[in-house]
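Below is one structure, written out as structure tokens; the observations come after it.
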Amino acid sequence: MDLKKLAGQAGQFLTRAVQYTEERIGNAEKTELDQNFETLSQQADSARVWTEKLVNGAEAVLIPNPGNRMEDMIFEKIEKRRPNRLSNLEYLGLDMVQAGNNYGPGTPYGSALVRVGGAEQRLGLAERELVSNAGQGFVQPMRRFLDTEMKTIAREKRLLETKRLDLDACKSRLRKARSMDGQSPAQSDLRKAQADFDRQAEITKLLLEGVRSCQAAHLRHLNEMVEAQATYYKQCHNVMVDLQKELASVPFNPSAAGAFDNSVPVFQINDDEIDLKSPSSP
1 MDLKKLAGQA
11 GQFLTRAVQY
21 TEERIGNAEK
31 TELDQNFETL
41 SQQADSARVW
51 TEKLVNGAEA
61 VLIPNPGNRM
71 EDMIFEKIEK
81 RRPNRLSNLE
91 YLGLDMVQAG
101 NNYGPGTPYG
111 SALVRVGGAE
121 QRLGLAEREL
131 VSNAGQGFVQ
141 PMRRFLDTEM
151 KTIAREKRLL
161 ETKRLDLDAC
171 KSRLRKARSM
181 DGQSPAQSDL
191 RKAQADFDRQ
201 AEITKLLLEG
211 VRSCQAAHLR
221 HLNEMVEAQA
231 TYYKQCHNVM
241 VDLQKELASV
251 PFNPSAAGAF
261 DNSVPVFQIN
271 DDEIDLKSPS
281 SP
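1 is the number of the first residue of the sequence shown in UniProt numbering; add one for each residue after it.
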């Protein structure tokens with residue numbers, strides 16, 4: 001371990017702590033950033049707060065169950081994918097199909113249950129597609145914006161604050177230097193601290209200005225979410241209209257029960273195929 005380097009870092013930390021404390025109690029001056037920088041910083045903070053609210057709200061709408069959201073997050077961290085999970089509509093449709101087979105597909109009620117169950121399953125499939133499309137088109141890119149651009153800005157702002165404390169500590173040390181021998185190194189340290197601060201301020205300002213340009217990409221992501229929702233609601237409307245027509249056009253009597261198409265899809269969940277016609281299916 002480099003003890004000299006460690007001692008130097010500890011000394012810098014102590015100097016910053018002293019400078020920060022003196023600023024808090026009003027015994028030291030603080031270098032203020034220009035108004036344009038402060039405005040950009042406030043706009044970036046506002047963008048971060050509202051983006052977090054939008055992402056959290058969209059996730060709550062797409063996946064209402066908090067436990068499922070937590071499970072998805074864990075799977076994405078560990079296995080880089082989300083778990084395959086039947087939606088509530090698909091579970092309802094599965095129960096209806098199995099109940100219809102139990103009552104008997106040849107009975108009016110059993111036939112209707114099978115038909116409605118199939119429709120519920122199609123609605124569930126459409127819902128899962130909505131979750132996938134809206135997640136990929138809106139939630140994930142907005143989350144990446146928070147995890148990359150905004151975290152980078154936060155890191156650079158913290159570094160800028162560190163440079164600002166070093167600069168003000170150098171200014172304070174120069175004011176306290178009484179002899180010419182003491183002023184010369186203090187002036188050298190001040191020039192270096194000023195250059196470091198100016199360079200970091202410029203870097204941070206460029207990043208803050210880039211936040212505004214991200215709105216065009218965010219608008220595109222928003223349009224993708226709207227497109228996913230429009231497709232979903234259109235699919236749901238078509239499924240229900242077709243179901244109503246089929247139920248209304250078929251008389252409810254045993255002889256007409258054969259007019260129903262009792263075929264139902266086979267789902268594959270976590271590499272296991274589920275035959276929805278089988279009463280023993282999980």
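Note that the Cβ used here is the ideal one computed from N, Cα and C, for glycine as well. Please read these numbers as outputs of a predicted model, since none were measured by experiment.
Residue ranges of each alpha helix (DSSP H) within the region 34 to 75, 4 or longer: DSSP assignment within the region 34 to 75 yields the following whole alpha helix (DSSP H) runs of 4 residues or more, N-terminal first: 35 to 62.
Completely contained alpha helix (DSSP H) runs for the region 151 to 217, where each covers 4 or more residues: Listed in chain order, the complete alpha helix (DSSP H) runs (minimum 4 residues) inside the region 151 to 217 are 151 to 176, 180 to 213.
Separation of LEU130 from residue 283, as counted between CA atoms: The requested residue 283 does not occur in the structure, where the chain is confined to residues 1 to 282.
Rounded separation between MET150 and GLN187 - CA only: Computed Cα separation, rounded: 36 Å.
Residue range of the alpha helix (DSSP H) that includes ARG128: Taken as a continuous stretch (DSSP letters only), the alpha helix (DSSP H) holding ARG128 covers 108 to 134.
Per-residue burial, ALA60 [other beta carbons within 10 Å of its own, 16 or more giving buried]: exposed
Counted within 10 angstroms of its Cβ, other Cβ atoms place TYR232 as buried (16 or more) or exposed: buried
Unbroken alpha helix (DSSP H) run spanning ALA99, endpoints: 88 to 103
Local Cβ density within 10 Å of GLU120, reported as buried at 16 or more and exposed below that: Classification for GLU120: buried.
Beta carbon of GLN43 nearer than 8 Å to that of ARG212: yes
Limits of the alpha helix (DSSP H) - the one that ARG82 falls within: Note, ARG82: premise wrong, no alpha helix (DSSP H); not H, not E.
Residue of GLU161, ASP198, GLN194, ASN133 minimising C-alpha distance to ASN222: The sequence given here places Leu at residue 222; Asn does not occur at that position. Considering only alpha carbons, the answer is ASN133.
Beta carbon of LEU94 nearer than 8 Å to that of GLY67: no
Helix, strand or coil at LYS248 [DSSP, three-state]: Rather than Lys, the amino acid found at residue 248 in this sequence is Ala. Residue state, collapsed to three classes: helix.
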